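Q: Plus 935 on top of the position in the sequence shown (first one is 1) and you've got this note's numbering.
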Amino acid sequence: MNSEWQERNRPHRLERRYQFPDYSSLRDFLDRAADLSEREGLYPDMGFGRDYVNITIHAEEGAEALSDSQRRFAEQLDELRGTDSAN
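Laid out in structure tokens, this is it:
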């Protein structure tokens, strides 16, 4: 798991913030993330501004931990973002 993701308890979740150089780059990422969500059937909470997005992936209701598919989803979001970013 990428160290940029913060794992939290109560409730169990993963959190990450991505920064973008401009709104156009952010919008492209959000569109690709929406496609990924549709394919995987996972829908994280997302809050965004002009050049950033905060993403929270919650564990399933009543689960004691995040699932492997949720962790894999976080890794796939990192791949969508690419490795050219500091955040």
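A virtual CB, placed ideally from N, CA and C, is assigned to each residue, including glycine. What you are looking at is a predicted structure, and each value in this text was computed from that prediction instead of being measured.
Determine the DSSP secondary structure at Arg967, reduced to helix, strand or coil.
A: As a working note, residue 967 is residue 32 in the sequence shown. Helix at Arg967.
Q: Would you mind listing the alpha helix (DSSP H) stretches within the stretch 943-989 that are 4+ residues and don't spill past its ends, in chain order?
A: Taking only runs of at least 4 residues, the alpha helix (DSSP H) segments lying wholly in the stretch 943-989 are 958-975.
Q: Give me, in chain order, the residues of the same chain whose beta-carbon lies closer than 6 Å to that of Gln1005; leave out the 5 immediate sequence neighbours on both sides.
A: In the sequence shown, the residue the question calls residue 1005 occupies position 70. Cβ within range, chain order: Ile992.
Q: Using the Cα positions of Glu1010 and Ser959, report the straight-line distance between them to the nearest angstrom.
A: The residue you call residue 1010 lines up with position 75 of the sequence shown. The residue you call residue 959 lines up with position 24 of the sequence shown. Cα to Cα, the separation comes out at about 22 Å.
Q: How long is the line joining the alpha carbons of Arg952 and Arg974, rounded to whole angstroms?
A: Here residue 952 refers to the residue found at position 17 of the sequence shown. Here residue 974 refers to the residue found at position 39 of the sequence shown. Their Cα atoms are separated by approximately 22 Å.
Q: What span of residues does the alpha helix (DSSP H) with Ser1002 cover, start to end?
A: By 1-based counting over the sequence shown, the position of residue 1002 is 67. Run containing Ser1002: none; DSSP gives neither H nor E here.
Q: Could you name the residues of the same chain whose beta carbon sits closer than 8 Å to that of Ala994, not counting the 5 residues immediately before and after it, in chain order?
A: As a working note, residue 994 is residue 59 in the sequence shown. Cβ within range, chain order: Pro946, His947, Arg948, Ala1000, Leu1001, Ser1002, Gln1005.
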